[in-house]
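Before any comments, here is the structure.
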Amino acid sequence: AGSSVALLAASILLYRATQPRRLKKAPKQMKQAFLIEGNPDISKAKIEIKTVDTPMPKRGQVLVKVAAAPVNPSDDGVWKQVDRKNITIGNECSGVVVAS
46 AGSSVALLAA SILLYRATQP RRLKKAPKQM KQAFLIEGNP DISKAKIEIK TVDTPMPKRG
106 QVLVKVAAAP VNPSDDGVWK QVDRKNITIG NECSGVVVAS
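Just so we're aligned, residue 46 is where the sequence shown starts under my numbering, counting upward by one.
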């Protein structure tokens, strides 16, 4: 009986470890930056911040509560392209993992 209980406990722990978790700190919605219309002159590029549903992390992913996000060269190249429209921008950040 003792080995059956241990096996059951191990199975439950393994199951829980493989399931995505949402912690209390993870909001139901989040802010996301979208490039609405690109332009070589950044002051003329149209960028909007939208409220979207917070995605649930898949296996091997984490959800990060962003504390800081830089504008890096890859973002700079994206918004200069006039044919780029309605895309998510922002490739880097630092913060705290709130779900996995």
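We treat Cβ as the ideally placed atom computed from N, Cα and C, and that holds for glycine.
- Taking a 10 Å sphere around the C-beta of A113, we find fewer than 16 other C-beta atoms and assign the residue as exposed.
- For V141, the enclosing beta strand (DSSP E) stretches over residues 139-144.
- Taking the Cα positions, K76 is about 13 Å away from I92.
- For V123, the enclosing alpha helix (DSSP H) starts and ends at 118-124.
- When beta bridges are read from the DSSP output, Q77 appears opposite K95.
- The beta carbon of R129 sits closer than 8 Å to those of L80, G83, V123, all from its chain and outside the five residues before and after it, given in chain order.
- For I134, the secondary structure class from DSSP, reduced to helix, strand or coil, is coil.
- Counted as a single uninterrupted DSSP element, the beta strand (DSSP E) harbouring K110 occupies residues 108-113.
- With respect to V107, S139 sits apart: the two C-beta atoms are not nearer than 8 Å.
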